[in-house]
Structures are given as structure tokens and as C-alpha cells.
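Structure first, commentary second.
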Amino acid sequence: MASSGEQEFAAATRARVYRHPHSRRFWDERVAARVGEKLAVRLRQIGVSDVRLHLEDGDREPLSLPHHYRRPIASLFYSVERAGVRVDGADELRCDRDLPAG
97 MASSGEQEFA
107 AATRARVYRH
117 PHSRRFWDER
127 VAARVGEKLA
137 VRLRQIGVSD
147 VRLHLEDGDR
157 EPLSLPHHYR
167 RPIASLFYSV
177 ERAGVRVDGA
187 DELRCDRDLP
197 AG
């Protein structure tokens with residue numbers, strides 16, 4: 097069953113999808129961080145405390161994403177870590193400018 101948080105994400109996504117002119121970017125860092133917080137709560141509820149990511153391209157090379165794709169993904173996993181779930185492998189996504197100040 098969907099929680100109230102998931103319903104508000106669905107409403108926000110619908111609003112972005114159906115606005116004119118159409119935006120090609122539906123997730124930004126802020127939305128990714130909120131999704132990460134909700135994901136961490138769900139993971140802790142089922143007893144998951146560690147997550148391991150295996151990121152590579154199809155050619156067994158390290159994942160090479162442009163910065164504008166990496167940033168929301170890094171924000172998602174950083175918020176999962178902040179909420180108390182250890183994420184192994186997320187450091188590969190971060191750039192120096194992605195790290196929070198302080």
C-alpha cells in the first residue's frame with residue numbers, strides 16, 4: 097500500500113510531466129534526497145542496514161556518467177547514508193563538488 101509520502105511524489109511527478117513546456121528532467125537533487133530518506137526508512141523497517149552497489153558499464157569498466165546524471169544519484173545515496181543505512185560503492189558516483197559543506 098502506498099504511503100502518504102509516495103502519493104506526494106506521484107503528485108509532484110504528474111505535475112512536472114504534464115506542464116508545458118515539457119521538462120526533460122523530472123528528478124533533481126532535492127527530489128532524489130527526499131526519495132533517499134523514504135527509501136532508508138523502508139530499508140530500516142525490514143532490517144537492512146548495509147547496501148552494496150556494483151556500478152559499471154556493460155564493458156566491465158567503471159561507470160562513466162556525466163555530472164548532471166551523477167548528481168541526483170549521488171544525492172539519493174547520500175541521503176540514504178544520512179538516514180543510517182550504510183551504502184558501499186556510492187563513493188564512485190560522487191565528485192568533489194557533490195560533497196556537502198561542513
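For the sequence shown, our numbering assigns the number 97 to the initial residue and increments by one for each residue that follows. Glycine is no exception: its CB is placed at the ideal position from the N, C-alpha and C atoms.
V147 - partner residues in DSSP beta bridges: Taking the sequence shown and counting its residues from 1, the one referred to as residue 147 is at position 51. Looking at the DSSP assignment, V147 forms a beta bridge with V183.
Alpha carbon to alpha carbon, how far is Q103 from R190? Give it in angstroms, no decimals. Taking the first residue of the sequence shown as 1, we reach residue 190 at position 94. Taking the first residue of the sequence shown as 1, we reach residue 103 at position 7. Rounded to whole angstroms, R190 to Q103 spans 29 Å at the Cα level.
Could you check if R110 is buried or exposed, using at least 16 other CB atoms within 10 Å of its CB as the buried criterion? The residue labelled residue 110 in the question sits at position 14 within the sequence shown. With fewer than 16 other Cβ atoms within 10 Å, it is exposed.
Distance, Cα to Cα, A197 vs D187? Within the sequence shown, numbered from 1, the residue matching residue 197 stands at position 101. Within the sequence shown, numbered from 1, the residue matching residue 187 stands at position 91. Because A197 carries a pLDDT of 46, less than 50, the predicted location of this residue cannot be relied on, and no value is offered for it.
So is V144 buried or exposed if we call it buried at 16+ other beta carbons inside 10 Å? Counting from 1 along the sequence shown, the entry for residue 144 is found at position 48. With fewer than 16 Cβ atoms within 10 Å of its Cβ, V144 is classed as exposed.
May I have the straight-line CA-CA distance separating R140 from R167, to the nearest angstrom? As a working mapping, residue 140 is identified with position 44 in the sequence shown. As a working mapping, residue 167 is identified with position 71 in the sequence shown. If you draw a straight line from the Cα of R140 to the Cα of R167, it is about 24 Å long.
Residue environment, L172, which counts as buried when at least 16 other CB atoms sit within 10 Å: Indexing the sequence shown from 1 puts residue 172 at position 76. Its Cβ being crowded by 16 or more others within 10 Å, L172 is buried.
On the criterion of 16 or more Cβ atoms from any shown chain inside 10 Å, does G180 qualify as buried, or is it exposed? In the sequence shown, the residue the question calls residue 180 occupies position 84. Per the 10 Å Cβ criterion, exposed.
G132 versus V183: straight-line alpha-carbon distance, rounded: The residue labelled residue 132 in the question sits at position 36 within the sequence shown. The residue labelled residue 183 in the question sits at position 87 within the sequence shown. In a straight line, the C-alpha of G132 is about 11 Å away from that of V183.
Flag this pair as yes or no: are the beta carbons of P175 and A129 separated by less than 8 Å? As a working mapping, residue 175 is identified with position 79 in the sequence shown. As a working mapping, residue 129 is identified with position 33 in the sequence shown. For the record, residue 175 in the displayed sequence is Ser; it is not Pro. For S175 and A129, yes; Cβs fall inside 8 Å.
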